[in-house]
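Residue numbers for the sequence shown follow my numbering, beginning at 6 and rising by one. C-beta: ideal position from N, C-alpha, C; glycine also. It should be emphasised that the depicted structure is a prediction, and the values quoted were computed from it without experimental measurement.
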Amino acid sequence: MRLNLVLMLVLFTAVRAVSQSPDTLILHGRAYLAAHDITNANEKFKAALQVNPRHQSANALYAASRVVAHVYSPDSQAMLDRLGVALTNRTIYRWDAAPPHDTNGVPIPPNDFSLTEAVDFLRTNALTVVRAAAANLSQISDPFFILTLTSNETTVGPITIDYADIRMLTALLHSCALFAEYMSSLALDAQLNAMYAMYGRDAVAAEDLLDQWPFVLEYAYTARLANAREAFLQAANAYLEASTLIRARSLDAVHLFNSDTNRLSPIFYSISDFRGQMTHFCWGFRASRR
């Protein structure tokens, strides 16, 4: 009797270990992904990384799902509410929600909404998610990495993701961080409804905006400007590596990013030159406050 209990306990432990393996959790997550349930898919990919933080497929899938699923977070939903975006049809699979527009199709900003509020959201919410996703992708170091997604998972058709695609995604994430850091370094203390009122009266020139808000483009936070420079260098490094790999690979498969040599080559050399300049370049600025 005691032997039977021991065997049952061992069997139960073994079954539980298999059911909680990263690969099993990823399969469950991909099933949710195919069912267009990004929230539960994201939780499964996260759980897979809790079991094995260096699992490359889990890192790739979680990096993508955590960015996309963030639109359903309470903070993102609150910002959409703040902007007056319609409460219905807020789904990534068929987004049909928009803020109110005037008769000319121009969005109407909410009252007492400043550019600073929007940038603060980028810095405290979006930037955190983007950096975390980039950290996930940094765990993928295998040059022969391959992840194939089905039509149901992507909603646009089967796609193969390889190491080159991962590096290009990394470049895009660092570019988003660059935008958020740079925008948050500026003194964007301007009310959107006041700018909208100026637009409604007549065509607005840049001089009119600067007359109304003379400090709007001054650098206000120097540390964030330095962070923006670092994000640019990270984006440039990832892009240059990705571009080289994409241009060298076979055209047999449909990848997330596909080669167009006529377009990639000029961009490659431009970014390469600019990266060389930025490596030794110190940005000058006038700070209005710390």
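{"Item": "Bridge partners - residue 167, DSSP secondary structure assignment", "Value": "151"}
{"Item": "Own chain partners of residue 226 with C-beta closer than 6 Å, once the 5 adjacent residues on each side are dropped", "Value": "190"}
{"Item": "Cβ-Cβ separation, residue 135 to residue 74 (assumed contact under 8 Å), whole Å", "Value": "Contact flag wrong, Cβ pair sits at about 13 Å."}
{"Item": "Cβ-based burial, residue 255 [other Cβ within 10 Å; buried from 16]", "Value": "exposed"}
{"Item": "Cutoff 6 Å; reference residue 127; Cβ partners in own chain excluding five residues on either side", "Value": "185"}
{"Item": "Contact between the stretch 46-66 and the stretch 83-96 (3+ Cβ pairs under 8 Å)", "Value": "no"}
{"Item": "Secondary structure, alpha helix (DSSP H): runs of 4+ residues fully inside the stretch 32-68", "Value": "43-56"}
{"Item": "Three-state class that DSSP yields for residue 256 in the structure shown", "Value": "coil"}
{"Item": "Close beta carbons around residue 34, own chain, < 6 Å, minus the five adjacent residues each side", "Value": "46, 49 and 50"}
{"Item": "Inter-residue spacing [alpha-carbon to alpha-carbon] between residue 56 and residue 65", "Value": "15 Å"}
{"Item": "Residue 87 - containing alpha helix (DSSP H), residue span", "Value": "79-87"}
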